[in-house]
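Just below is one structure, and these are the notes that go with it.
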Amino acid sequence: MLTPFVLFGHRLLIVILAQLLLVLLLIGRLFFLQVVSQEKYINLSDRNRIRVTLETPLRGSFKDRAGNVFAHSVPYYNLHIDCPNLECWEKCSKKFNKIGVKVDFENLFSHTNKVLLKERLTWEEIALIEANKSDLPMASIQVLYERAYPLDQATPHILGYTSRIAKDHPYAKKLPYSNVGRSGLEKLMDEKLFGKPSIVEEEVNAYGETIRTLSFQSGQTGEDIFLTLDIELQQFLYQKLQSHKSGAAVVLDVNTGEIMGLVSYPSFNPGIFEKGLSRVDWDKLKKDIQTPLLDKTIMGMYPVGSIIKPLIALAALEEGYITPQTRFTCNGVVVIDGQPCHCWKAGGHGSLNLEEALRKSCNIYMYEIAKIMPLEFITKWLYRFGLGQKTGFLAPGEKAGLLPSSEWKLKNRKDRWRRIDTVYLTIGQGYILTTPLQLVRMVAQIVNGGNEITPHILLDKIERKPFKKIEATKHYLDFLTQVMGQVINHPEGTSYRSRLKEVEWQMGGKSGTAQVRKITQRERSEGRHHGFDWQWKEKDHALFVGFAPLSKPKYAIVVLVEHGGFGGVTAAPLGRDIMQFIMQKYNRRFPNI
Numbered sequence: 265m266l267t268p269f270v271l272f273g274h275r276l277l278i279v280i281l282a283q284l285l286l287v288l289l290l291i292g293r294l295f296f297l298q299v300v301s302q303e304k305y306i307n308l309s310d311r312n313r314i315r316v317t318l319e320t321p322l323r324g325s326f327k328d329r330a331g332n333v334f335a336h337s338v339p340y341y342n343l344h345i346d347c348p349n350l351e352c353w354e355k356c357s358k359k360f361n362k363i364g365v366k367v368d369f370e371n372l373f374s375h376t377n378k379v380l381l382k383e384r385l386t387w388e389e390i391a392l393i394e395a396n397k398s399d400l401p402m403a404s405i406q407v408l409y410e411r412a413y414p415l416d417q418a419t420p421h422i423l424g425y426t427s428r429i430a431k432d433h434p435y436a437k438k439l440p441y442s443n444v445g446r447s448g449l450e451k452l453m454d455e456k457l458f459g460k461p462s463i464v465e466e467e468v469n470a471y472g473e474t475i476r477t478l479s480f481q482s483g484q485t486g487e488d489i490f491l492t493l494d495i496e497l498q499q500f501l502y503q504k505l506q507s508h509k510s511g512a513a514v515v516l517d518v519n520t521g522e523i524m525g526l527v528s529y530p531s532f533n534p535g536i537f538e539k540g541l542s543r544v545d546w547d548k549l550k551k552d553i554q555t556p557l558l559d560k561t562i563m564g565m566y567p568v569g570s571i572i573k574p575l576i577a578l579a580a581l582e583e584g585y586i587t588p589q590t591r592f593t594c595n596g597v598v599v600i601d602g603q604p605c606h607c608w609k610a611g612g613h614g615s616l617n618l619e620e621a622l623r624k625s626c627n628i629y630m631y632e633i634a635k636i637m638p639l640e641f642i643t644k645w646l647y648r649f650g651l652g653q654k655t656g657f658l659a660p661g662e663k664a665g666l667l668p669s670s671e672w673k674l675k676n677r678k679d680r681w682r683r684i685d686t687v688y689l690t691i692g693q694g695y696i697l698t699t700p701l702q703l704v705r706m707v708a709q710i711v712n713g714g715n716e717i718t719p720h721i722l723l724d725k726i727e728r729k730p731f732k733k734i735e736a737t738k739h740y741l742d743f744l745t746q747v748m749g750q751v752i753n754h755p756e757g758t759s760y761r762s763r764l765k766e767v768e769w770q771m772g773g774k775s776g777t778a779q780v781r782k783i784t785q786r787e788r789s790e791g792r793h794h795g796f797d798w799q800w801k802e803k804d805h806a807l808f809v810g811f812a813p814l815s816k817p818k819y820a821i822v823v824l825v826e827h828g829g830f831g832g833v834t835a836a837p838l839g840r841d842i843m844q845f846i847m848q849k850y851n852r853r854f855p856n857i
């Protein structure tokens, strides 16, 4: 049995050991906090003491080939408050009321971090806040930028638009009120346009008041992007299309592939996305029958109509099924696979060679080619000149169109390819679909001697690779170029009324009228097959491709008027006016035309 003295000694030892353990634990904890976790807590301390802010850089501009501004950024000013406690908020509220700056403090007193108090300050409000800066150290005015588009609705499809920065953006937390590109070139070139923000480190006290600036790291303004577009031409294209409900126009340099004008109509004001768009306005844009949100130049897919006829002729010439002297007789209608196939001219054109058939845009001549030439030879040449494939244009969303084949029809229509399908294809109807950019590229490659071009819109000094030569006979290409000149300048040409008078140069081209629905036999017998009394949505599309000068092609254009009727009546005059505008402006560069 332990004596009381021994028992006391044991208990004392236990107490001493427990105290020693506690001391060791305390020492260990202190060592952990002050040595092992030193860096962590220094950083936490600095976060309370040091405030790091980012300043939004000035976004780069879009400029045309001459340096004129398509899109630039303009400043606006927001008021931010950084209060760590309720006392700070109350002080701030009283001061703003005293100086006469109206702000809404409701439900903000619980915040203990930087919050946006008021957007888009007036100059009077900015002056009052700055004059009382010593009493409002927790207040800061942030400079932000919004996009301005001088041409308004003439450029949004290609340039795109900007809106509030997304949550997953690298600068989202530090620059939550900045804007980034959301579509078009604004999105595609966003990294270059955005620039780099300035970084400011400030030492602050417990009230969030700035004691001193520790460091300032200067940012970088976004790069300016120069485009191949011509701002005056862009505006002119838009104005010409305004006389119609819906359409598109593209102007292309046939030798370089530079896009000088690119307009889809109708359009929209790109600024509405930056300031916020209501659900009602968004639904209105989406449901508009004239599709203002769709870039018809690269996304709109249409039957090509008679514009395809020169390329069908080239295919037949190259494959040896006809010569320029081959003659067929047009009586106005021919029966193929049991179906009557009509020419646009009632009664027909009589006997024609290839030159006359293209000049007069005879359908029957094309039907005769369809009767003797296999489909694969036709589509081979259509594909070779860019139909049924993307052009390589950098803008997102470009469609490839549709170049049908027997395999495609079997898979998608569950039916075999018939001769009548080839007949429709030779006049640009049936299943074939193209974009306006494909069409202008097609005609450019015919008249530039068969050089394959890639449409581009960035005006840079990068040395481009030599153009690939399309395997086509130059003699035939020259022949088609001259025949398209007759389409406009010969009295029998389908676009003769759109010829240019009293100029030192001539233009060539081809009009097209693309049906959007089948014409009934009754409508044809009643003379209503031209659709003058039809609803707008049922009328034919009017198309025109052109180039100039005829002697030495430099520019190519395409004009589409959705449901505009005859191409030679509606689209060709627009093409003539556009080409005249181009040549009057740039003719001085080419004195030997």
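In the numbering used here, the protein residues as written are 265 to 857.
Even glycine gets a Cβ: it sits at the ideal position worked out from N, Cα and C.
Under the 10 Å beta carbon count, S479 is surrounded by fewer than 16 other beta carbons and is classified as exposed. Under the DSSP assignment, L501 falls outside any beta strand (DSSP E), being part of the alpha helix (DSSP H) whose first and last residues are I495 to L505.
Inter-segment contact for the segment 571-578 and the segment 538-558 is absent: fewer than three beta-carbon pairs are separated by less than 8 Å.
For T643, the enclosing alpha helix (DSSP H) stretches over residues L639 to R648.
About 5 Å separates the beta carbons of A412 and V338, which is inside the 8 Å limit, making them a contact pair. In this structure L439 is not in contact with L381, their Cβ atoms being roughly 17 Å apart against a cut-off of 8 Å.
Ranking E466, N595 and G776 by CA distance to the CA of G829 puts G776 first. The secondary-structure analysis by DSSP pairs N617 with nothing; it has no beta-bridge partner.
Closest in alpha carbon position to T485, among L493, A664, L457 and L744, is L457. For S404, the beta-bridge partners assigned by DSSP are H344. Leaving aside the five residues that flank I842 on each side, the residues in its chain whose CB is nearer than 6 Å to its CB run, in chain order, I821. DSSP places V316 inside the beta strand (DSSP E), whose first and last residues are I314 to E319. The beta strand (DSSP E) runs of length 3 or more contained entirely in the segment 690-761 do not exist; there are none. Here the segment 595-609 does not lie against the segment 641-653, with fewer than 3 beta-carbon pairs under 8 Å apart. In the three-state reduction of the DSSP assignment, C352 falls in the helix class, which pools H, G and I. Short of 8 Å from the beta carbon of E671, and not among the five residues preceding or following it, lies no beta carbon of its own chain. Classified as exposed, D742 has fewer than 16 neighbouring CB atoms from the shown chains inside 10 Å of its CB.
Look at I475 here: in three-state DSSP terms it is strand. Judged by DSSP in its simplified three-state form, P574 adopts helix. The beta carbon of S625 sits closer than 6 Å to the beta carbons of S570 and T758 from its chain, once the five residues preceding and following it are set aside; these are given in chain order. Of the residues assessed, G584 falls on the exposed side of the cut-off, its CB having fewer than 16 other CB atoms within 10 angstroms. No residue range can be given for P461, since it is assigned to no beta strand (DSSP E) and is classified by DSSP as neither H nor E. For R840, no beta strand (DSSP E) encloses it; the enclosing alpha helix (DSSP H) starts and ends at A836 to Y850.
Taking C-beta separations shorter than 7 Å and ignoring five residues to either side along the sequence, the partners of L701 in its chain run V514, T561, I562, T655, F657 and P719, following chain order. Residue pairing of Q481 in beta bridges, as defined by DSSP: I463. Counting of Cβ neighbours within 10 angstroms places Q589 among the exposed residues, the total staying below 16. Closest option to L814, judged by alpha-carbon separation, among L744, A836 and L651: L744.
Residue pairing by DSSP places L824 opposite A512 and L807 in a beta bridge.
At least 9 Å separates the beta-carbon of P668 from that of G650. The way I'd put it, the segment 342-358 does touch the segment 384-404; three or more beta-carbon pairs between them come closer than 8 Å. Closest in C-alpha terms to G521, from the list M771, F808 and Y819, comes Y819.
Per DSSP, A610 lies in no beta strand (DSSP E) and is assigned neither H nor E. Under the criterion of beta carbons closer than 8 Å, I422 and I721 qualify as touching, at roughly 7 Å. Residue environment: P420 is assigned as buried (16 or more neighbouring CB atoms within 10 Å of its CB, all protein chains considered).
Here L578 is not near K774, since their CB atoms are 9 Å or more apart.
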